[in-house]
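Enquirer:
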Ligand code: GLU
């Protein structure tokens with residue numbers, strides 16, 4: 006046996022497979038030409054945050070646009086930072102946002118697909134097999150340096166103004182012999198396994214990033230860690246092995262990984278893997294006192310996806326908004342295709358922002374209103390009651406006390422050809438619809454300046470006398486116009502504008518008086534429909550309250 010083979014047996018005696026075994030177990034996928042295989046690989050160290058959702062959307066739509074596959078892989082190699090329920094939260098969160106998962110983790114506990122297991126802690130043997138192959142070729146070796154030793158090297162490098170790291174002459178165990186390694190192992194010394202990097206800082210690598218374009222960087226010369234002392238891989242090594250064996254074609258990930266690309270390209274080459282395409286996604290930014298900065302998990306509530314659920318943003322609104330920041334050509338497409346699902350949009354990575362798109366809540370509100378106004382009343386009923394059950398039980402009880410009535414309320418100006426763009430998120434609904442529910446209605450008879458209370462009172466008295474709840478919109482307004490003429494108001498706005506001195510106001514002013522009496526507001530959806538839904542008795546009661554208060 007050569008020394009390298011002896012070293013491999015010494016370090017990983019229990020590994021009896023070779024990479025070929027896994028190459029055959031996970032064959033190249035049989036997909037149509039151009040189909041992209043993408044994934045997200047979250048670490049369950051926190052709850053689903055906006056950056057992960059955004060990356061998932063970009064990966065999903067890339068796969069969808071090319072009839073490819075999108076899968077999830079759980080990177081749980083950092084057991085110390087793992088949080089309970091993290092996997093569930095991330096996967097279920099993606100599901101709530103309609104991000105379909107073709108393969109990998111499809112719930113907190115279930116995985117599907119032929120390229121699994123899709124959780125790194127269940128793949129230790131696979132990584133070790135590939136490391137063993139590298140050791141056999143003299144491309145990896147054990148390193149017994151303690152944290153203190155590494156720290157001391159770093160201090161020297163810093164004091165000499167050198168690049169820090171385990172490379173070149175600082176790579177203490179690079180040429181360790183089998184005998185030396187065996188002696189240290191016999192002493193019970195822990196070790197990691199490092200790559201023996203054949204790279205040099207002097208050489209350049211060039212790669213074409215699918216998002217950022219051509220990038221040039223020095224080759225990697227660091228003997229970075231492949232396997233930690235517990236036999237668990239580092240991100241770099243797990244990425245190479247997993248994305249190769251899971252037959253990923255495009256690694257679209259956060260751009261904090263861009264500086265690691267030289268390591269990854271080197272690993273692919275040394276392991277004999279076909280290189281894959283990288284695309285590095287810029288983080289979502291936020292304006293903070295005029296300066297652009299990354300959205301921060303610590304500082305910004307909107308960084309946690311739960312924020313959107315609590316506020317009652319419908320998932321479709323959030324996704325449509327994220328599409329506008331993912332692709333600079335999405336909004337034009339949306340205008341041309343207002344009723345088509347975003348899933349039909351042909352996504353192009355080149356249309357992504359290179360510097361980082363700005364999160365803008367006003368824009369989200371705007372996009373949301375456009376989405377929500379298209380929901381029919383039954384759909385709004387389901388969504389609003391589901392939201393209120395979780396976040397506003399009092400409102401839920403009011404909404405569900407009489408579902409048919411609530412649906413009629415929700416249908417006003419909604420189940421029509423040109424629906425009103427009003428609500429952006431469900432936490433606005435309680436105030437918006439308050440006057441439609443007796444438990445929430447607050448009378449307010451404050452009149453506009455141009456109407457005096459005597460005229461308002463006279464109008465309301467007269468209106469009560471002729472009010473017919475069966476009137477359609479036209480007849481409803483004709484009655485108001487009739488009274489207008491009787492009490493010195495113009496029936497038509499045009500008429501009033503042509504000769505304002507001859508009138509006290511116009512019929513529109515009187516309908517505002519009626520609106521204030523019935524709803525306590527100056528601005529509402531169609532008043533005739535509101536009065537039909539409220540019913541005669543309730544409307545008369547409210548008109549009387551106003552008459553008595555004037
Ligand atoms: N676990 C890594 C992260 O959460 C995944 C990066 C990748 O997509 O490769 O940042």
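Numbering (the numbering used here), first residue to last: 6 to 555. Built from N, CA and C at the ideal position, the CB exists for glycine as well. Note that the structure is predicted; figures quoted are calculated from it, not measured.
(1) According to the Cβ coordinates, are residue 227 and residue 283 closer than 8 angstroms?
(2) Check residue 327 in the structure and name its three-state DSSP category.
(3) Would you say the beta carbon of residue 48 is closer than 7 angstroms to some non-hydrogen atom of ligand 1?
(4) Terminal residues of the continuous beta strand (DSSP E) containing residue 241?
(5) Which residue marks the beginning of the beta strand (DSSP E) containing residue 209, and which one marks its end?
(6) If you measure from the CB of residue 240, is any heavy atom of ligand 1 nearer than 7 angstroms?
(7) Kindly indicate which three-state DSSP category residue 378 falls into: helix, strand or coil?
(8) With burial defined as no fewer than 16 other Cβ atoms inside 10 Å of the residue's Cβ, what is the status of residue 340: buried or exposed?
(9) Starting from residue 116, follow its DSSP beta bridges and name the residues at the other end.
(10) Curious, which full-length alpha helix (DSSP H) runs of at least 4 residues does the region 413 to 438 contain?
(11) Mind reading off the beta-carbon distance from residue 522 to residue 465? Whole number of angstroms is fine, and I expect it under 8 angstroms.
(12) Need the endpoints of the beta strand (DSSP E) that residue 98 sits in, please.
(13) In this structure, does DSSP put residue 309 in helix, strand or coil?
(14) What residues in its chain sit with their C-beta under 7 angstroms from that of residue 390, if we drop five residues either side in the sequence?
(15) Within the same chain, show all residues whose beta-carbon is closer than 8 angstroms to that of residue 198, passing over the 5 residues directly before and after it, in chain order.
(16) Identify the residues that DSSP records as bridge partners of residue 172: which are they?
(17) Do the region 247 to 258 and the region 179 to 191 meet, that is, are 3 or more Cβ pairs less than 8 angstroms apart?
(18) Would residue 454 be called buried (16 or more neighbouring beta carbons within 10 Å of its own) or exposed?
(19) Tell me, please, whether the region 534 to 549 touches the region 509 to 524 by the rule of three or more beta-carbon pairs shorter than 8 angstroms.
(20) Return the chain-ordered list of same chain residues with a C-beta closer than 6 angstroms to the C-beta of residue 95, the five sequence neighbours on each side being excluded.
(21) Let's test the definition: count the other Cβ atoms within 10 Å of the Cβ of residue 290 and tell me whether it reaches 16, buried, or not, exposed.
(22) Smallest Cα separation from residue 399: which of 14, 439 and 327?
Expert: Checking against the coordinates, here is how it stands:
(1) The answer is no: Cβ separation not under 8 angstroms.
(2) For residue 327, the secondary structure class from DSSP, reduced to helix, strand or coil, is helix.
(3) Between ligand 1 and the CB of residue 48, the shortest heavy atom gap is smaller than 7 angstroms.
(4) Premise fails: residue 241 lies in the alpha helix (DSSP H), 240 to 250, not in any beta strand (DSSP E).
(5) First-last of the beta strand (DSSP E) with residue 209: 209 to 214.
(6) True, at least one ligand heavy atom lies under 7 angstroms from that Cβ.
(7) If DSSP states are grouped into helix, strand and coil, residue 378 belongs with coil.
(8) Per the 10 Å Cβ criterion, exposed.
(9) BP columns for residue 116 point to 110.
(10) Whole alpha helix (DSSP H) segments, 4+ residues: 434 to 438.
(11) Confirmed, about 6 angstroms.
(12) Residue 98 -> not in any beta strand (DSSP E); alpha helix (DSSP H) instead, spanning 91 to 101.
(13) Residue 309: strand per DSSP, three-state reduction.
(14) Excluding positions up to five away in sequence, the list reads 401, 404 and 405.
(15) So the qualifying residues of the chain are 16, 136, 140, 145, 146, 147, 148, 230, 231 and 232.
(16) As a beta-bridge residue in DSSP terms, residue 172 pairs with 227.
(17) Counting C-beta pairs closer than 8 angstroms gives fewer than three between the region 247 to 258 and the region 179 to 191, which falls short of the contact rule.
(18) Around the CB of residue 454, fewer than 16 other CB atoms lie within 10 Å, so the residue is classed as exposed.
(19) Result yes; three or more Cβ-Cβ pairs closer than 8 angstroms.
(20) If the five residues before and after residue 95 are omitted, its C-beta is found closer than 6 angstroms to the C-beta atoms of 47 and 53, all from its own chain and listed in chain order.
(21) Its Cβ being crowded by 16 or more others within 10 Å, residue 290 is buried.
(22) Nearest to residue 399 by alpha-carbon distance, out of 14, 439 and 327, is 439.
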